[in-house]
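J.: The listed protein sequences derive, respectively, from chains A and B.
So the first sequence is numbered by the working numbering: it starts at 109 and just counts up by one.
So the second sequence is numbered by the working numbering: it starts at 109 and just counts up by one.
Positions of the beta carbon are idealized from the N, C-alpha and C atoms, including for glycine.
Provided herewith is a single structure, encoded as structure tokens, for subsequent inquiry.
Protein chains: 2
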Amino acid sequence: MDLFVKIFKALGEPTRLKILRLLAVRPMYVCELESVLGISQPRISQHLRVLKEATILRETKEAQKTFYMINGDIMETSLGDFLEFLRVDLRDLPDFKEESLRMEKLDQDSCVISCKTGQGSDLQNA
Amino acid sequence: MDLFVKIFKALGEPTRLKILRLLAVRPMYVCELESVLGISQPRISQHLRVLKEATILRETKEAQKTFYMINGDIMETSLGDFLEFLRVDLRDLPDFKEESLRMEKLDQDSCVISCKTGQGSDLQNA
DNA sequence: CCTCCCTATAAGCATCTGCTTATATAATAA
DNA sequence: TTATTATATAAGCAGATGCTTATAGGGAGG
């Protein structure tokens, strides 16, 4: 889940989306991105770092230049994984261990209509 | 592009991802989410609003309760659209009109190795 | 009516984020 | 060496974000 958050956070910024879209055309040097985007070099470097730390990009050093490219089929893969994450049984997700139990308890008590009551019966098990 | 940013920004937050994952099991009332997640009601309401404004969720009012659910197949659709957005020709994206031109110019001048020079020839057209 | 229940919203606060300017680092060229 | 090119990083600041506490408002039931 943490990786999904990191990836989505990286994608949820207009400048970074633009960089990603340009690198989808072809890998580029930082200075090329600077020319094409028309924004400052530090600004680009900072966004590239975020995208790289989210495993979306990877880099290759060439002399003084740095060549940035999309990390393989990361987008297809990770977005596919995310849809799968939404589909699988909640009990199979370690991050949702407690939530899974509370939800089953809640479904058992489905005869109880009030939320307040449901919460009460839940607290008995907390 | 703005919608993509909005969607990814909404997804790039752990609490919201958890809410989304729970609603992938079944639609729920706010008070149910409160019980299952074990976090405060205002906190949930605020996150629900963000997800709703990103078109990820929709709501149905039932008396005092509000029923939240995932907005159809929004995730499959929008993530598919995003992959398509990364694939299409840059010139077909209105948001990349200027970038598209600058990039073509940059590719024309590919004989010029230096970024500095490339930037110079680009500025001639600015 | 009055009182809960459910939800939304507002205010205040601490943290995070993205930008600019300035500087550091490293490789290349003169 | 000194200067230049390419990139990364740091500092500082304004605005955004997420949380808590408090409150508002609408419906249900006594």
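(1) Start and end of the beta strand (DSSP E) containing T168 (chain A)?
(2) Residue range of the alpha helix (DSSP H) that F116 (chain A) falls in?
(3) Excluding the five sequence neighbours on either side, which residues of its own chain have a C-beta within less than 8 angstroms of the C-beta of K126 (chain A), listed in chain order?
(4) Below 7 angstroms on C-beta distance, what does M177 (chain B) contact in chain A?
(5) So T174 (chain B) packs on E184 (chain B), CB below 8 angstroms; how close in whole Å?
(6) Applying a beta-carbon distance threshold of less than 9 angstroms, which residues of chain A neighbour K117 (chain B)?
(7) Return the bridge partner residues of M177 (chain A) from the DSSP annotation.
(8) Taking the alpha helix (DSSP H) that G74 (chain B) belongs to, which residues open and close that run?
(9) Where does G120 (chain A) land, buried or exposed, given buried means 16+ other C-beta within 10 angstroms?
(10) Which residues in the same chain as D203 (chain B) place their Cβ atom closer than 8 angstroms to its Cβ, once the five residues preceding and following it in sequence are excluded?
(11) Below 8 angstroms CB to CB, which residues in the same chain sit around S153 (chain A) once its five sequence neighbours on both sides are set aside?
(12) Can you grab the Cα-Cα spacing for the pair I147 (chain A) / E161 (chain B), in whole Å?
(13) I'd like to know if E192 (chain A) contacts chain B, where contact means its C-beta is closer than 8 angstroms to some C-beta of that chain.
T.: Short version:
(1) Element bounds for T168 (chain A): 165–170.
(2) 110–119 is the extent of the alpha helix (DSSP H) around F116 (chain A).
(3) Result list for K126 (chain A): L145, in chain order.
(4) Result: empty, since nearest Cβ-Cβ is about 13 angstroms, beyond 7 angstroms.
(5) T174 (chain B) to E184 (chain B), Cβ: 25 angstroms. No contact.
(6) Residues of chain A passing the Cβ test: F116, K117, L119, G120, E121.
(7) Checking the DSSP bridge columns, you'll see M177 (chain A) partnered with A:R166.
(8) The first residue shown for chain B is 109 and the last is 234, placing residue 74 (chain B) beyond what the model contains.
(9) Buried, since its Cβ has 16 or more Cβ neighbours within 10 Å.
(10) Counting only Cβ-Cβ distances below 8 angstroms, and skipping sequence neighbours, we find M109.
(11) Here the set comprises V138.
(12) Going by the C-alpha atoms only, they are around 30 angstroms apart.
(13) Answer no: the Cβ-Cβ gap between E192 (chain A) and chain B never drops below 8 angstroms.
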